[in-house]
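Working notes, structure below.
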Amino acid sequence: MKHPYLEGNFYPQHEELSDAPCTVIEGTVPECLKGGMYIRNGSNPLHVVEGMSYHWFDGDGQLHAVRIEGEKVVYTNKFVQTVKYKLEKHLGMPSVTSIADLLGPLSTKMVAKLTRSAALYQLAIGSPGDVMTRTNTANTALVYHDGRLLALMEQGPATHMLMPTLETAGVFDYHGAAPRFTAHPKVDPRTGQMFFFSIDAPVSVSNFSWPLIKYYTVSSTGTLTTPRGIDIPLRFPIMMHDFVVTEKHAVVWDHPLVFSLPGGTTTGSRPAEVLSWRPELGTRIGVFPRSQHGSVLSEQVRWFNVDTCAVIHTATGWEEKEGGEVVLVAPRATTFDLRAMAGVEGASIGEIGQLHMWRLCLKTGKVDERSLDTTLSADFPVTNSNYACRRARYVYEGVAAGEGSIKIGGIVKFDLDAATSNPTPQLLSGEKLADRKVIKYPPGVYGGEAVFVPRKTSLSGTEEVEDDGFLVVFVRNEEAETSELHVYDAKSMDAKPVARITLPHRVPFGFHGLWVTQEQIEKQRSADVETVKKSGTKPIPNMGVVTRSLARLIGVLSK
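Just add 20 to the spot in the sequence shown (first one is 1) and you have my numbering.
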């Protein structure tokens, strides 16, 4: 039986192209897109070995980009050349333990695989303390800030990429001050500040219950204003992927997607799995001032207990009642099973999320939460980036192609005005509160996250033009075996694309992307000399026989 995430359009693309010509086969490319570039990140393993353990989140980062150069459209795709990528290219084999191996009880096989990975990276970079960060794949998302395009994955530091070539400049970690970086930082378009977090590693294997969020703020000119991060204690080590930043606050979800090791104390007894969904632990939301200059935040965090859920991605958030109430909107799932994306038989994706709203009263501690739509399973929320860190009226999401499917079969646009003004209580199954419009792809056609691009004439930031722009998204026609870039009108949500562009080869399903303007490309920073000196860009030394022999010796135990 083939692995479901290593076949069809999930199979990795190993051919790299540069400025390959594309063809506009329908419609006209909007003027506001000309000179700009759509770039999307995704998981793309360099090596595929028969029978190997694999999870969709494992693969090496690969960027796919379409640039509009006047009347010409070109496509480029490149691997993100991390230490992991370079080591595996040298070895000719995978080097890192799969997430799939962490989804069951600790075993001799798992220990052997972890030992193998640690040994390989000890030889490759000479420092065991760097193993966690240097196995970074940079495969999840992208952000543009202070003239740098950064490829992201929360396990390690950001990776600086150059445009339009998509060449890797090197590791970017603020001179060692930020060894890990969230996949979803927030950039405030009005102040130019960037906010991000990381989950700190445990102090020892025997005590795995003291995790911290490291919270960072960066000035508009790229200065890290929290030099070593601000510590926020958590109850348990969890998978935290996204957060919200409003005009005054930062908000995190402490949900029960928990990491454990033998000797861990998550519930006072030894947990059965290394990474598991533990609903009995409950969910809480933490709110704290977004501007920080101290060292420990534990006393400033207000925790609100909410109905148990998983929040993997967030949509928008803002303050009301003179800052006394924080309002949050995000797709919410009542369970989360990572095994489904590892191809585990019997594991189900279930609902990938349904739009939900939380109102948190900072004065009384009261929580009012309700569903905004119980009819659609959807995720990958995006808004007009000019409305980041404040109230956005319109939210766009990718709609699941069917029950239990991770494939995206369309785009939904939610108008939150109805939801924020209507006092209707929790919805029943099959009801909706937020007004919505849906673009449904034809049968056999699937997409991913759509990115909003505002018209150049709509950058005033007034609410009347918030949705005046376009949605760009890669789609795959599985029957015709073609990959295309589609451009849709974000205001009308007409199912007929404004433009369809055929791509020169297959673009696999991926994760998150962004749009960069011609001005951003022209004003980008070149590779920093100190960055290039880092181990992230040095060639892997020719370890040859020693490394290969060790890999095979330990690999025998890990099969």
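Ideal Cβ positions, reconstructed from N, Cα and C, are used throughout, including at glycine.
Output yes if chain C places a C-beta closer than 8 Å to the C-beta of Asn-29; else output no.
-> Looking for chain C here will not work: only one protein chain is present.
For Ala-335, the nearest candidate out of Ala-519, Gly-167, Gln-374 (CA to CA) | In the sequence shown, the residue the question calls residue 335 occupies position 315. Checked all of Ala-519, Gly-167, Gln-374; the closest Cα to Ala-335 is Gln-374.
Coil, strand or helix - Gln-538 by DSSP | As a first step, residue 538 is located in the sequence shown; it is residue number 518 there, counting from the start. Reduced to three states, the DSSP call for Gln-538 is helix.
Reducing DSSP to helix, strand and coil, say where Ser-405 ends up.
-> Within the sequence shown, residue 405 is the residue found at index 385, counting from 1. In the displayed model, Ser-405 falls within a helix according to three-state DSSP.
Taking C-beta to C-beta, are Tyr-416 and Lys-427 nearer than 8 Å?
-> The residue you call residue 416 lines up with position 396 of the sequence shown. The residue you call residue 427 lines up with position 407 of the sequence shown. Against a cut-off of 8 Å, the Cβ pair of Lys-427 and Tyr-416 comes out as no contact.
Terminal residues of the continuous beta strand (DSSP E) containing Val-103?
-> The sequence position of residue 103 within the sequence shown is 83, counting from 1. Secondary structure note for Val-103: it is in no beta strand (DSSP E), and the uninterrupted alpha helix (DSSP H) holding it is 103-111.
Tell me which same chain residues have a C-beta within less than 8 Å of the C-beta of Thr-43, skipping the five on either side of it?
-> To locate residue 43, count along the sequence shown from 1; it is residue 23. Around Thr-43, the same chain offers Val-93, Ile-521, Thr-522 as residues with beta carbons nearer than 8 Å, after the five sequence neighbours per side are excluded.
Stretch pair the stretch 458-477 + the stretch 392-409: three plus CB contacts closer than 8 Å | Touching, yes, given that three or more Cβ pairs across the two stretches are closer than 8 Å.
Would you report the Cα separation of Tyr-25 and Asp-121, rounded to the nearest angstrom?
-> Reading the sequence shown from its first residue, position 5 is the one you call residue 25. Reading the sequence shown from its first residue, position 101 is the one you call residue 121. Those two C-alpha atoms are separated by around 15 Å.
Nearest residue (CA-CA) to Val-49, options Pro-517, His-275, Thr-537 | The residue you call residue 49 lines up with position 29 of the sequence shown. Cα-wise, what sits closest to Val-49 is Pro-517.
Exposure label - Ile-252; buried when at least 16 CB within 10 Å | The residue given as residue 252 occupies position 232 in the sequence shown. Per the 10 Å Cβ criterion, buried.
Beta-ladder partner(s) of Ser-63, from DSSP | Within the sequence shown, residue 63 is the residue found at index 43, counting from 1. According to DSSP, which records beta bridges pairwise, Ser-63 is partnered with Gly-81.
First and last residue of the beta strand (DSSP E) that includes Lys-234?
-> The count along the sequence shown starts at 1 and reaches residue 234 at position 214. Counting along the chain, the beta strand (DSSP E) containing Lys-234 begins and ends at 232-238.
Exposed or buried, which one is Gly-81 when buried takes at least 16 other CB atoms within 10 Å?
-> In the sequence shown, the residue the question calls residue 81 occupies position 61. Of the other Cβ atoms in all chains shown, 16 or more fall within 10 Å of the Cβ of Gly-81; this residue is therefore buried.
What's the call for Lys-460, buried or exposed, on a 16-neighbour Cβ count within 10 Å?
-> Here the question's residue 460 lines up with position 440 in the sequence shown. The residue is exposed, with fewer than 16 neighbouring Cβ atoms inside 10 Å.
Distance between beta carbons of Gly-533 and Gln-60, contact taken as under 8 Å = Numbered from 1 along the sequence shown, position 40 holds the residue referred to as residue 60. Numbered from 1 along the sequence shown, position 513 holds the residue referred to as residue 533. Per the sequence shown, residue 60 should be read as Arg rather than Gln. That belief holds up - the Cβ atoms of Arg-60 and Gly-533 are roughly 3 Å apart, short of 8 Å.
Sorted by chain position, which residues of the same chain lie with C-beta nearer than 6 Å to Phe-531's C-beta, five sequence neighbours on each side aside?
-> Stepping through the sequence shown from its first residue, residue 531 is reached at position 511. Excluding positions up to five away in sequence, the list reads Asn-61, Gly-62, Thr-160.
Segment contact, 8 Å Cβ cut-off, at least three pairs: the stretch 265-272 with the stretch 299-314 = Touching, per the Cβ criterion.
Span separating the alpha-carbon of Thr-537 from that of Gly-56 | Stepping through the sequence shown from its first residue, residue 537 is reached at position 517. Stepping through the sequence shown from its first residue, residue 56 is reached at position 36. Rounded to the nearest angstrom, the two C-alpha atoms are 4 Å apart.
Taking the runs of the beta strand (DSSP E) that are 3 residues or longer, which of them lie wholly in the stretch 486-542?
-> Segments of the beta strand (DSSP E) lying fully in the stretch 486-542: 489-497, 502-509, 519-522, 533-536.
Inter-residue Cα distance where the pair is Thr-286 and Ser-280 = The residue given as residue 286 occupies position 266 in the sequence shown. The residue given as residue 280 occupies position 260 in the sequence shown. Caution is warranted here: a pLDDT of 45 is assigned to Thr-286, below 50, making its placement in the model unreliable, and the coordinate value is therefore given only provisionally. If I take the Cα positions, the gap works out to 7 Å.
Give the straight-line distance between the Cα atoms of Val-116 and Pro-276, rounded to the nearest whole angstrom.
-> On the sequence shown, residue 116 is found 96 positions in, with the first residue counted as 1. On the sequence shown, residue 276 is found 256 positions in, with the first residue counted as 1. Taking the straight line from one Cα to the other gives about 25 Å.
Round the Cβ separation of Met-377 and Val-347 to the nearest angstrom and send it over; I've been treating them as touching at under 8 Å.
-> Position 357 of the sequence shown, counted from the first residue, corresponds to residue 377. Position 327 of the sequence shown, counted from the first residue, corresponds to residue 347. Their Cβ separation, rounded to whole angstroms, is 7 Å, which keeps Met-377 and Val-347 in contact under 8 Å.
Going by DSSP, what residues sit across from Asn-325 in a beta bridge?
-> Locating residue 325 in the sequence shown gives position 305, where the first residue counts as 1. Its beta-bridge partners are Arg-304.
Alpha-carbon to alpha-carbon, Glu-504 and Gln-312 = Looking up residue 312 in the sequence shown gives position 292. Looking up residue 504 in the sequence shown gives position 484. Whole-angstrom Cα-Cα distance: 44 Å.
Three-pair Cβ contact test at 8 Å for the stretch 92-106 versus the stretch 166-184 = As far as the Cβ criterion goes, the stretch 92-106 touches the stretch 166-184, which means the pair count is three or higher.
At which residues does the beta strand (DSSP E) containing Ser-311 begin and terminate?
-> As a working note, residue 311 is residue 291 in the sequence shown. No beta strand (DSSP E) contains Ser-311, which DSSP labels as neither H nor E.
By Cβ distance, which residues of its chain are closer than 7 Å to Lys-22, with the 5 residues on each side in sequence left out?
-> Position 2 of the sequence shown holds residue 22. So no residue of the chain qualifies.
Just the Cα atoms here: how many angstroms apart are Asn-497 and Ile-119?
-> Locating residue 497 in the sequence shown gives position 477, where the first residue counts as 1. Locating residue 119 in the sequence shown gives position 99, where the first residue counts as 1. Between the alpha carbons of Asn-497 and Ile-119 lies a distance of about 29 Å.
Could you have a look at Asp-455 and say whether DSSP puts it in helix, strand or coil?
-> On the sequence shown, position 435 is the one that residue 455 refers to. Correct three-state label for Asp-455: strand.
Excluding the 5 residues preceding and the 5 following Thr-169 in the sequence, name in chain order all residues of the same chain whose CB lies nearer than 6 Å to its CB.
-> Indexing the sequence shown from 1 puts residue 169 at position 149. At residue 169 the sequence reads Leu, which differs from the Thr that was named. Short of 6 Å from the beta carbon of Leu-169, and not among the five residues preceding or following it, lie these beta carbons of its own chain, in chain order: Met-181, Met-183.
Contact the stretch 133-142 vs the stretch 206-215: 3+ CB pairs below 8 Å | The answer is no - the stretch 206-215 does not touch the stretch 133-142, with fewer than three Cβ pairs under 8 Å.
Starting from Asp-388, follow its DSSP beta bridges and name the residues at the other end.
-> As a first step, residue 388 is located in the sequence shown; it is residue number 368 there, counting from the start. Asp-388 pairs with Arg-379.
Since Cys-381 and Glu-345 are thought to touch, with beta carbons under 8 Å apart, how far apart are those beta carbons, to the nearest angstrom?
-> Residue numbering aside, residue 381 sits at position 361 when the sequence shown is read from its first letter. Residue numbering aside, residue 345 sits at position 325 when the sequence shown is read from its first letter. Confirmed, about 5 Å.
Can you name the start and end residues of the beta strand (DSSP E) that Tyr-416 belongs to?
-> Taking the first residue of the sequence shown as 1, we reach residue 416 at position 396. Looking at the DSSP string, the run of the beta strand (DSSP E) that includes Tyr-416 is 414-420.
In whole angstroms, what separates the C-alpha of Asp-488 from that of Tyr-508?
-> Reading the sequence shown from its first residue, position 468 is the one you call residue 488. Reading the sequence shown from its first residue, position 488 is the one you call residue 508. One C-alpha to the other measures close to 11 Å.
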